[in-house]
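Protein chains in written order, with the working numbering: chain G, 577 to 708; chain W, 155 to 419.
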């Protein structure tokens, strides 16, 4: 008779067992802040559709200390989310071959960042012009 | 003639001959008698050139002959001696006791696999996965002997060479929480091998393998933790193979509506 009795270890609390997993859970959970910010903007859009008074009410609400603190939290969390998202580029993207050589991970991540910063600056520029 | 130097055993004048002792805590499991694994601590004398594997061998030779573990080549090529060392999947032959001293080392069987006994895990699920990916060239154009060999350029070779370096040590499975949460997930190393054949210019089996890639057991189990590629001792980057095949599976799914003959090539 077989004496085999393979033991399966429980997975409970797996993400606390390794700093790498903790960081993974942190950067994945920053997605909740992205969602919260998107909902905030969406509410603004709905209020805009409801007329001037509703829109002004939303604008006032955005100026409250609570809202400012929340937006600072959004900024920090979304910046970290973006940082880790770009960091994953070399893992998730097909390798890019230039002159027969695979692009270094730093170059891939750096290009992502450059494109993101340029896009953000362009958007700010457009908003600036519209406001002026 | 000078008298022979007495061997120095106590702390003192000759630090060179001082015997260092490291504590190794091993997760033991005896399926015949144990309900669950338990830890045992051994005090192992060591020298700076000793690997963790040698530490474990010392325990087997001197303290408990029943301690069970796999090993073979002692030089990071056979892929047998993987263990969780302080919770991190590593080849014990290329991890050194000196790097952990004076702290205690904890050793455990590779995570996310059932423990067969002590440090030996049940790899049968992994072997089945390796078989499932059709790990052989399915010729694009079958050739007769008279037609000669399949020609491949260095550039075509470079497309897949990285994924041939896998030694099946399964450290990537021990690093992947998704494997632990769903043992049916085909997993990093098997996907890297699948990708190795898909990327081979002589192979035409991508469509055949796609069914598995896109299945319940396939690439979408991966949530891009990325630790598999981090712990790989051969820089295979299995995480990239998994994630590139997410793109391939998505392309295959959407392009089949445009190209009724069989989707993305």
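All residues carry an ideal CB built from backbone N, CA and C; glycine is no exception. All of these numbers come straight from a predicted model, not from anything done at the bench.
In this structure the stretch 303-316 of chain W lies against the stretch 351-359 of chain W, because at least three pairs of beta carbons, one per stretch, are closer than 8 Å. Where residue 177 of chain W is concerned, the enclosing beta strand (DSSP E) starts and stops at 174-182. For residue 705 of chain G and residue 697 of chain G, the gap between their C-alpha atoms comes out near 12 Å. Cβ neighbours of residue 375 of chain W within its own chain (closer than 7 Å, five residues either side excluded): 332, 336 and 339. The beta carbon of residue 377 of chain W is closer than 7 Å to those of 332 in its chain, skipping five residues each way along the sequence. For residue 224 of chain W and residue 193 of chain W, the gap between their C-alpha atoms comes out near 19 Å.
Annotated three-state conformation of residue 686 of chain G is helix, per DSSP.
The three-state reading of DSSP puts residue 236 of chain W in strand, counting E and B together. Distance between residue 237 of chain W and residue 180 of chain W, taken at the CA atoms: about 10 Å. Assignment of beta-bridge partners to residue 357 of chain W by DSSP yields W:293. Residues of the stretch 291-314 of chain W whose Cβ lies closer than 7 Å to any Cβ of chain G, in chain order: 309. Annotation: residue 300 of chain W is outside any beta strand (DSSP E) and is labelled neither H nor E by DSSP. Per DSSP, reduced to three states, the secondary structure at residue 668 of chain G is helical. Within 7 Å of the CB of residue 665 of chain G, no CB atom of chain W is found; the nearest one sits about 10 Å away. Beta-bridge partners assigned by DSSP to residue 351 of chain W: none are found. Distance check between residue 659 of chain G and each of G:591, G:619 and G:689 places G:689 closest, using alpha-carbon atoms only. For the 7 Å CB-CB criterion, residue 321 of chain W and residue 388 of chain W form a contact. For the stretch 365-381 of chain W, the set of residues with a beta-carbon nearer than 8 Å to any beta-carbon of chain G comprises 377, 378, 379, 380 and 381, in chain order.
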